[in-house]
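S.K.:
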Amino acid sequence: MNQVWNLANEASYEAWHVPVPEVGYIQGVWRSAFDIQKDILPIRKARGFILPSHTVQQVVAEHAARRRQFKTSKLRWRASSGSRRALGWIPFKKGSAKWVNGQVC
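Residues in the sequence shown are numbered consecutively from 39, following this note's numbering.
Given below as structure tokens:
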């Protein structure tokens, strides 16, 4: 999920900062969660992510909500280890997670 977060972060940043030769960067378009999901789909298939599509959609939706909340085009990168480690939340859509014998399946 950290990789999906980082892909969404990169896609939103590249859409917002458009390079113009000999001028610098101009502001592009503010991408919605739906637009970013369409960009991530082919990358997800090419890299062979085993995450279900609804989990990827929830991660991208959370990323878009945090971008709106903090009014920035790029958030912090998420890492699995080290001092910048992710918080460890796992997004689920309603009905996709089941509680069986004290475990989430």
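For glycine and all other residues, C-beta sits at the position ideal for the given N, C-alpha and C.
From a predicted model like this one, the values you see are computed outputs, not experimental measurements.
If contacts are defined as beta-carbon pairs under 8 Å, then Asn47 and His92 qualify, I think. What distance do you get, rounded to the angstrom?
M.R.: Actually they do not touch by this definition, with Cβ atoms about 20 Å apart.
S.K.: So, are the CB atoms of Arg104 and Asn40 less than 9 Å apart?
M.R.: No.
S.K.: If distances are taken between C-alpha atoms only, which option among Leu45, Trp54, Val58 and Val42 comes closest to Lys109?
M.R.: If we check each option's Cα against that of Lys109, Trp54 comes out closest.
S.K.: Check whether the Cβ atoms of Gln95 and Ala71 sit closer than 9 Å, and answer yes or no.
M.R.: Cβ distance < 9 Å, so Gln95 and Ala71 count as in contact.
S.K.: What number of angstroms, rounded off, separates the C-alpha of Leu89 from the C-alpha of Pro57?
M.R.: C-alpha separation (whole angstroms): 33 Å.
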